[in-house]
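Under the UniProt record's numbering, residues 419 to 695 are what the sequence shown spells out, in order. Data first, discussion second: the structure below is written as C-alpha cells.
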Amino acid sequence: LAKESRNTYRFYSDIASRKNLEDIRLQYDLQHALSGGQLSIYYQPKYDVKSHHIVGSEALLRWNHPELGMISPARFIPLAEDSGLINEIGEWILESVCDQIAAWQQNGIYHCVSVNLSVRQFQNGNLVDVVRNALQASEIKTNLLELEITESIAMDIDKVLGTLIELNRLGVIISIDDFGTGYSSLSYLSKLPVHKLKIDRSFIRDLMSDQSDAAIVSTIVSLAHNMQLKVIAEGVESEEQLKMLDNYRCDEVQGYYFSKPLPLSEFELMLEPANKY
Ligand code: C2E
Ligand code: CA
Ligand code: CA
Ligand code: CA
C-alpha cells in the first residue's frame, strides 16, 4: 500500500471501529433499557386537513439513556432489530398503547393510535398472537389500533400477506408508511388488505419548490382515493404545505406545523372534549 492509501485505510478503519464500539455499547445497554424504565412513548397528533381536528396519533419510541441522554429511535431501532430485542420492545409498545387507548376509552375518548412495526416482528411468527392478546387484554375497539408497516415490508408480498390478512381480520387499521420510497411496481397494493397510505416526508419537504415532488404527491393522493384508501402526509412543517395538501385533497396531515411528538402528559392536554364522540 502507498503511504497515503495506508493512512486513508487506517483513518476509515478507526472510524469504523469507533462506531462499532458505540453500537456494541448501545446494544448492550438497550438490553436493560426496557426493564429499567428508560423507554417511553411519545405521541404525535394527526390532523384532518380541512377541520384541523385531531383524528389520531402516532406512537413513537424514545430512549432516555442514563448517561447519554435522549437517543433517537432512528439510532437504536436498527440495533434492537439486529439483536432481536425489537420483538420484546415491539410487544411492550403494543400492550402499552392498547392500555392507553383503553384508559381514554373509559373516559369516552375514542382516540386511534398507530404503532410502527419492524420487519423482524413479521419474521418472528407470533405477531398476530401479540396483537390479538393486546386487543383482548385492553378490551379496546379494535379499529382504535392502527399498524404502520413500511412500504419495503409491504412489497415483500409472499412473506407478509398471510399475516396482514390475519391482522386485518382482527379489525385493526393497517397503513403503509414511507409510501413512495420503494421505487417498486405498485401491483402489490391491490393484493394487500390495507386502509391507508402515508406519503413519505421526503416528498413533502420540498413540496413548494420541487414540481416533480408535487406531481408525485398529487398522484399518490389520486391513486389512494381511486383504491378507496385514505391518505396522510407526514413531515408537514408549514402552512403553505398544508394548503397545498388540502388542494390535492389529501385527507390527513402530521408534522411539526401542528405539533412535534409529545410525552403523554403534554399530549393528553390536547385531547379535548371536541375529540369525544
Ligand atoms: P417514521 O415512522 O417515519 O416516523 C416519523 C418520524 O418523523 C418521527 O421521527 C417523527 O418525530 C418525525 N417527524 C414528525 N413530524 C416531522 C416534521 O414535521 N419534520 C421532521 N423533520 N420530522 C418529523 P422519530 O420519532 O425520530 O422516529 C424515527 C423512526 O424510528 C420512525 O420513522 C420509525 O421508523 C422508527 N420508530 C419509532 N418508534 C418506533 C417503534 O415503536 N417501533 C418501530 N419498529 N420503529 C419505530
Ligand atoms: Ca411511522
Ligand atoms: Ca414515515
Ligand atoms: Ca420515515
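Beta carbons are placed, not taken as given, at the ideal position from N, Cα and C, and that holds for glycine. Just so we're clear, the structure is a prediction, and the values are computed from it rather than from any experiment.
Near ligand 1, meaning a Cβ closer than 5 Å to any of its heavy atoms, lie the following residues in chain order: Leu-478, Leu-479, Ser-490, Pro-491, Ala-492, Ile-495, Ile-511, Asn-534, Ser-536, Gly-653, Glu-655, Gly-673, Tyr-674 and Pro-679.
Contact annotation: Leu-588 and Arg-550 have beta-carbon atoms nearer than 8 Å. When DSSP states are grouped into helix, strand and coil, Gln-539 belongs to the helix group. Bridge partners of Val-635 according to DSSP: none are assigned.
For Glu-476, the Cβ falls inside the 7 Å cut-off from some heavy atom of ligand 2. In this structure, the C-beta of Lys-614 stays at least 7 Å away from each heavy atom of ligand 3. Fewer than three pairs of CB atoms, one per stretch, sit closer than 8 Å, so the stretch 463 to 472 makes no contact with the stretch 503 to 521. Proximity to Pro-484 across Leu-448, Ile-527 and His-643 peaks at Leu-448, based on C-alpha coordinates.
Just measuring C-alpha positions, the residue of His-529, Ile-591, Glu-569 and Ser-605 sitting nearest Phe-685 is His-529. Within the stretch 643 to 688, the complete beta strand (DSSP E) segments at least 3 residues long are 648 to 652 and 670 to 672, listed from N- to C-terminus. Remark: the shortest separation between the CB of Asp-574 and any heavy atom of ligand 3 does not fall under 7 Å. Taking non-hydrogen atoms of ligand 2 into account, the C-beta of Glu-566 is found less than 7 Å away from one of them. Taking a C-beta distance under 8 Å as the contact criterion, Arg-493 and Ser-458 do not qualify as a contact pair. Ser-656 is the residue among Ser-656, Leu-607 and Asn-665 whose C-alpha sits nearest the C-alpha of Asp-624. One alpha carbon belongs to Ala-642, the other to Met-573, and they sit about 16 Å apart. No residue range can be given for Asp-624, since it is assigned to no alpha helix (DSSP H) and is classified by DSSP as neither H nor E. Short note on Asp-618: C-beta not closer than 7 Å to any heavy atom of ligand 2. Taking 7 Å as the cut-off, one finds no heavy atom of ligand 3 near enough to the beta carbon of Asp-500. Here the stretch 487 to 505 does not lie against the stretch 578 to 592, with fewer than 3 beta-carbon pairs under 8 Å apart.
At a threshold of 7 Å, Asp-596 counts as near ligand 3, since its beta carbon sits closer than that to one of the ligand's heavy atoms. In the DSSP assignment, Asp-596 falls outside any alpha helix (DSSP H) and lies within the beta strand (DSSP E) extending over 591 to 597.
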